[in-house]
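Residue numbers (my numbering): 154 to 326.
Report on the following structure.
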Ligand SMILES: [Zn+2]
């Protein structure tokens, strides 16, 4: 067991104080073995949570990269380059992948990109928190396990709000 990091070493999210999941993504130095991009840094516990049960023991590195390339079938790859897991080895749809279905905006509260678009276009909502509370009684914050990146979905969620707003404003309906 390693001792927990002191608080001052944890990245703080300055954008969203209602979420304590660790702020925006950090990236690993190691590149995805298939597409060569650098993935988001994810701890092994998160990777194990999302893998099919029989594969969990195969996640032996401490740190993984989550490949965010839309057309790459690699989900997580070990930082030490020894192995990787593909999107077919998890039931979690990884939002960044082109074939993700549904595209999740928030894994903790089970909000999809489609729900974000509806809230923006039909309800006139513009904020992440108000959109979550439109669908749910409370905001849950369990990104360390539920999100395949192991951290807060704020960046992806806000990008989906911006995209929905752009589509809405571009349409004459
Ligand atoms: Zn990749």
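Backbone N, C-alpha and C define an ideal beta-carbon position, used for all residues, glycine too.
All values derive from a computational prediction rather than experimental measurement.
Contact test: residue i Cβ vs ligand 1 heavy atom, cutoff 6 Å
i	result
residue 187	yes
residue 222	yes
residue 181	no
residue 227	yes
For residue i: DSSP bridge partner residues
i	result
residue 180	193
residue 203	None, per the DSSP bridge assignment.
residue 257	265
residue 227	239
Simplified DSSP assignment, three categories, for residue i
i	result
residue 167	Confidence at residue 167 is low in this model, with a pLDDT of 37, below 50, so its placement is unreliable and no value can be given for it.
residue 247	coil
residue 303	coil
residue 198	helix
residue 318	helix
residue 219	strand
residue 101	Here the chain covers residues 154 to 326 and nothing more, so residue 101 does not appear.
residue 296	helix
residue 289	coil
residue 308	helix
residue 323	helix
residue 161	Legend: pLDDT at residue 161 = 38, less than 50; position of this residue unreliable, value from coordinates given subsequently. Looking at residue 161 - three-state DSSP - the assignment turns out to be helix.
residue 270	helix
residue 233	coil
residue 154	Bear in mind that a pLDDT of 43 at residue 154, under 50, signals an unreliable position, so the model cannot answer this.
residue 212	coil
C-beta atoms of residue i and residue j nearer than 7 Å
i	j	result
residue 262	residue 215	no
residue 180	residue 196	no
residue 243	residue 226	no
residue 183	residue 193	no
residue 199	residue 303	yes
residue 258	residue 310	yes
residue 203	residue 265	no
Contact between the stretch 292 to 299 and the stretch 308 to 319: three or more CB pairs below 8 Å? Taking one beta carbon from each stretch, the stretch 292 to 299 and the stretch 308 to 319 have fewer than 3 pairs nearer than 8 Å; the two do not touch.
Touch check for the stretch 236 to 249 and the stretch 216 to 223: three-plus C-beta pairs under 8 Å? Taking a cut-off of 8 Å for Cβ pairs, the stretch 236 to 249 and the stretch 216 to 223 touch, as three or more such pairs fall below it.
Three or more C-beta pairs below 8 Å linking the stretch 270 to 286 and the stretch 199 to 211: By the Cβ criterion, the stretch 270 to 286 is not in contact with the stretch 199 to 211, since fewer than three pairs of Cβ atoms, one from each stretch, lie closer than 8 Å.
For the 8 Å Cβ check, are there 3 or more pairs between the stretch 280 to 295 and the stretch 224 to 234? Per the Cβ contact rule, the stretch 280 to 295 is not in contact with the stretch 224 to 234 (fewer than 3 Cβ pairs under 8 Å).
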